[in-house]
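Note that our numbering has the sequence shown beginning at 18, numbered continuously upward.
Just so it is clear, CB atoms sit at the ideal spot from N, CA and C, and this is done for glycine as well.
As structure tokens, the structure follows; a few thoughts come after it.
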Amino acid sequence: MPIRLHNTLQRAKQIFEPQDSSRVTLYVCGPTPYNRAHIGNFRPVIVFDTLFRLLRAVYGEDAVIYARNITDIEDKLIAASLETGEPIKAIAEKYAGIYNADSKAVNALPPTIEPWATAHVDEMLDIIDRLIRKGHAYEAPTGVYFHVPSMSDYGQLSGRKPEDNEAGARVDVDDDKRDPSDFALWKFAKPDEPDDAIWDSPWGRGRPGWHIECSAMAAAHLGKTIDIHGGGIDLQFPHHENEIAQSECAHGEQMARIWMHNGFLDMGGEKMSKSLGNVVLLNDLLENWHGEVIRFAMLSGHYRAPLDWTDDLLAQAKTTLDRIYGALRRVWDAEDVDSPSRDVFDALSDDLNTPEALAALSALATAANTAADQNDADAMARAKADLLDAGDLLGLLQSTPAEWEQGGNSDDKSRIDALVQARIDARTAKNWAEADRIRDELAAEGVEIMDTAGGSTWRKI
Ligand code: AMP
Ligand code: ZN
Numbered sequence: 018m019p020i021r022l023h024n025t026l027q028r029a030k031q032i033f034e035p036q037d038s039s040r041v042t043l044y045v046c047g048p049t050p051y052n053r054a055h056i057g058n059f060r061p062v063i064v065f066d067t068l069f070r071l072l073r074a075v076y077g078e079d080a081v082i083y084a085r086n087i088t089d090i091e092d093k094l095i096a097a098s099l100e101t102g103e104p105i106k107a108i109a110e111k112y113a114g115i116y117n118a119d120s121k122a123v124n125a126l127p128p129t130i131e132p133w134a135t136a137h138v139d140e141m142l143d144i145i146d147r148l149i150r151k152g153h154a155y156e157a158p159t160g161v162y163f164h165v166p167s168m169s170d171y172g173q174l175s176g177r178k179p180e181d182n183e184a185g186a187r188v189d190v191d192d193d194k195r196d197p198s199d200f201a202l203w204k205f206a207k208p209d210e211p212d213d214a215i216w217d218s219p220w221g222r223g224r225p226g227w228h229i230e231c232s233a234m235a236a237a238h239l240g241k242t243i244d245i246h247g248g249g250i251d252l253q254f255p256h257h258e259n260e261i262a263q264s265e266c267a268h269g270e271q272m273a274r275i276w277m278h279n280g281f282l283d284m285g286g287e288k289m290s291k292s293l294g295n296v297v298l299l300n301d302l303l304e305n306w307h308g309e310v311i312r313f314a315m316l317s318g319h320y321r322a323p324l325d326w327t328d329d330l331l332a333q334a335k336t337t338l339d340r341i342y343g344a345l346r347r348v349w350d351a352e353d354v355d356s357p358s359r360d361v362f363d364a365l366s367d368d369l370n371t372p373e374a375l376a377a378l379s380a381l382a383t384a385a386n387t388a389a390d391q392n393d394a395d396a397m398a399r400a401k402a403d404l405l406d407a408g409d410l411l412g413l414l415q416s417t418p419a420e421w422e423q424g425g426n427s428d429d430k431s432r433i434d435a436l437v438q439a440r441i442d443a444r445t446a447k448n449w450a451e452a453d454r455i456r457d458e459l460a461a462e463g464v465e466i467m468d469t470a471g472g473s474t475w476r477k478i
């Protein structure tokens, strides 16, 4: 089954055909690392990781080049540096590190390339220079601007008119622009700005605008025309529209053949966002929920639709995953065979239909239980292979069933293992009071110790 993807440019699903099947290119706009990202920011991480996994399954692991940038030149980083007195680089490295650790916790593979904006200023200057020479950009007292009326087909992605730019960026409306819809490619430094946010340019010291950063990083690593460009729906306009304007006017080629946008993660009926204050941090969720539960909950809605984030959604995801891991446990010792799971693959190939893919995964768990009930060795082997193959495509079932039962979190596991051992030692020393105290302490956090002839094991209940 070919992969079909919804292309925002066409407003329709189309069959995905890469320009070169030995070098499939995917670019996704990454974070501005100025504080901890909220769980809404991880929706694109998980959605495009699932696409990355699907593309790798079809074209080969080395054939897919996925770039996700770090926007380490941005107003919010400058503000954070002025507020804390810390250098921009230190803030960016700290929060990019947390972002990558959080991504790993929800089983997102590291992207092939993680370009940092500060390492690509020369490429940005090069594009700006081309745009000026081709009559698409001009110098003004406050910076260099892209002249939107110079591009006849501006607005192809969002269907919005140039005037909307004006409303969308009211704070940026400078008197020295030729047209109110023009946007900044290079902003001249202002007196109170930190030195580490200022670069030299042929037009004056300053820093690049946000949009040109992605245009430059995408072209530098993936080429002038990329296969798929992704991001959240809020980036469609003006960010992606302006990336297209810059890249296509500078290079004379289409920037991306397919544009994909994920819908919002909502909470309490509104977009989760720092400005509204209705945010949940991944780090906090991980205290109570395994990363796979969070990933499962995120994939339970189709990526283009809004998804309402609730405790109930997480609880349901946990119940379903417990059942699937329970089935996997029953076939775990079956022989290893090859059995690619078509249903999950087919569902994902249909514009990443993850709700259907998760339903197919549950059906595989049912098949595994049936095979185990009937003690059918061949069917058990196939069921195990199907489950693990589907799990790899979805970024799920990455723990063993035994690890899953023990909560799957390795720090937690070693701490509990140590307590269980301390209890064994207390019993050996006939210190029954201490042994009982440890049992009660573990029971209070939902850990049950099971004493067997072979020793003591434990599970989370
Ligand atoms: P930002 O740091 O706000 O630029 O966001 C980083 C990425 O997360 C972008 O692709 C945004 O579109 C996406 N994003 C931000 N908030 C949400 C949300 N509530 N739901 C889904 N995606 C979001
Ligand atoms: Zn971008």
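Could you pull the start and end residues of the beta strand (DSSP E) that residue i belongs to?
| i | result |
| --- | --- |
| Asn279 | Ala273 to Asn279 |
| Phe33 | Taken as a continuous stretch (DSSP letters only), Phe33 belongs to no beta strand (DSSP E), as it is neither H nor E. |
| Phe254 | Here Phe254 belongs to no beta strand (DSSP E), and DSSP marks it neither H nor E. |
| Trp203 | Phe200 to Phe205 |
| Glu156 | Ala154 to Ala157 |
| Pro225 | Gly223 to Pro225 |
| Asn24 | Arg21 to Asn24 |
| Met7 | The displayed coordinates of the chain run from 18 to 478. Any statement about residue 7 would go beyond what the structure contains. |
| Leu282 | Leu282 to Met284 |
| Ala84 | Val81 to Arg85 |
Express the C-alpha separation of residue j and residue i in angstroms, rounding to a whole number.
| i | j | result |
| --- | --- | --- |
| Arg187 | Ala385 | Reliability fails at Arg187, whose pLDDT of 47 lies under 50, so the model's placement of it is uncertain and no value is given. |
| Glu100 | Phe200 | 27 Å |
| Ala461 | Asp434 | 16 Å |
| Leu22 | Ile32 | 6 Å |
| Ser175 | Gly247 | 14 Å |
| Lys111 | Ala388 | 49 Å |
| Leu530 | Asp328 | In the structure as shown, the chain starts at 18 and stops at 478, and residue 530 therefore has no counterpart that could be examined. |
| Gly343 | Asp403 | 15 Å |
| Glu465 | Ser473 | 10 Å |
| Asn52 | Arg347 | 43 Å |
| Asn259 | Asp193 | 19 Å |
| Trp475 | Gly294 | 39 Å |
| Glu78 | Arg70 | 9 Å |
| Leu14 | Gly408 | Examination of residue 14 is not possible in this model, given that the chain is present from 18 through 478 alone. |
| Trp133 | Asn58 | 18 Å |
| Ile261 | Val45 | 14 Å |
| Leu252 | Ala452 | 57 Å |
| Ser169 | Pro219 | 28 Å |
| Ile455 | Gln438 | 10 Å |
| Ala446 | Leu365 | 56 Å |
Give the DSSP-derived three-state secondary structure of residue i in the structure shown.
| i | result |
| --- | --- |
| Ala351 | coil |
| Met168 | coil |
| Leu324 | strand |
| Gly249 | strand |
| Val297 | coil |
| Val161 | strand |
| Gly471 | coil |
| Thr42 | strand |
| Arg177 | coil |
| Val361 | helix |
| Leu414 | coil |
| Val464 | strand |
| Asp89 | coil |
| Arg476 | strand |
If I measure Cβ to Cβ from residue i and keep anything under 6 Å in the same chain, skipping five residues before and after, which residues do I get?
| i | result |
| --- | --- |
| Thr129 | Ile82 and Tyr83 |
| Ile56 | Val297 and Leu299 |
| Gly223 | Trp203, Lys204, Phe205 and Ala206 |
| Leu43 | Tyr83 and Ile245 |
| Thr371 | Leu316 |
On the premise that residue j lies in contact with residue i, defined as a C-beta separation below 8 Å, what is that separation, rounded to the nearest angstrom?
| i | j | result |
| --- | --- | --- |
| Phe205 | Thr135 | Actually they do not touch by this definition, with Cβ atoms about 18 Å apart. |
| Gly280 | Tyr320 | 7 Å |
| His164 | Ala157 | Their Cβ separation, rounded to whole angstroms, is 10 Å, which puts His164 and Ala157 out of contact at 8 Å. |
| Ile87 | Ala107 | With 8 Å as the limit, Ile87 and Ala107 do not qualify as a contact, their Cβ atoms being about 14 Å apart. |
| Val123 | Arg312 | 5 Å |
| His125 | Asp89 | Checking the displayed sequence, the identity of residue 125 turns out to be Ala instead of His. With 8 Å as the limit, Ala125 and Asp89 do not qualify as a contact, their Cβ atoms being about 20 Å apart. |
| Ile243 | Ala273 | 5 Å |
| Thr49 | Lys93 | 6 Å |
| Pro422 | Lys477 | This sequence places Glu at residue 422; Pro is not what is there. Yes, they are in contact, since the Cβ atoms of Glu422 and Lys477 sit about 7 Å apart, within 8 Å. |
| Arg60 | Glu131 | So it is not a contact: roughly 19 Å between Cβ atoms. |
In chain order, what residues of the same chain lie with their CB nearer than 8 Å to the CB of residue i, ignoring the 5 residues before and after it?
| i | result |
| --- | --- |
| Glu180 | Pro197 and Ser198 |
| Ala96 | Tyr51 |
Where do the ends of the alpha helix (DSSP H) carrying residue i lie?
| i | result |
| --- | --- |
| Tyr51 | Where Tyr51 is concerned, there is no enclosing alpha helix (DSSP H), given that its DSSP letter is neither H nor E. |
| Asp395 | Ala394 to Leu411 |
| Arg28 | Per DSSP, Arg28 belongs to no alpha helix (DSSP H) and is neither H nor E. |
In chain order, what residues of the same chain lie with their CB nearer than 7 Å to the CB of residue i, ignoring the 5 residues before and after it?
| i | result |
| --- | --- |
| Arg73 | Val81 |
| Trp276 | Asn24, Thr25, Leu26, Leu174, His246 and His257 |
| Ser358 | Leu381, Asp403, Asp406 and Ala407 |
Inset, instruction - Please write down, chain order preserved, every residue whose beta carbon lies under 6 Å from a heavy atom of the ligand SAM. - result: The model depicted lacks the ligand SAM and carries the ligand AMP and the ligand ZN instead.
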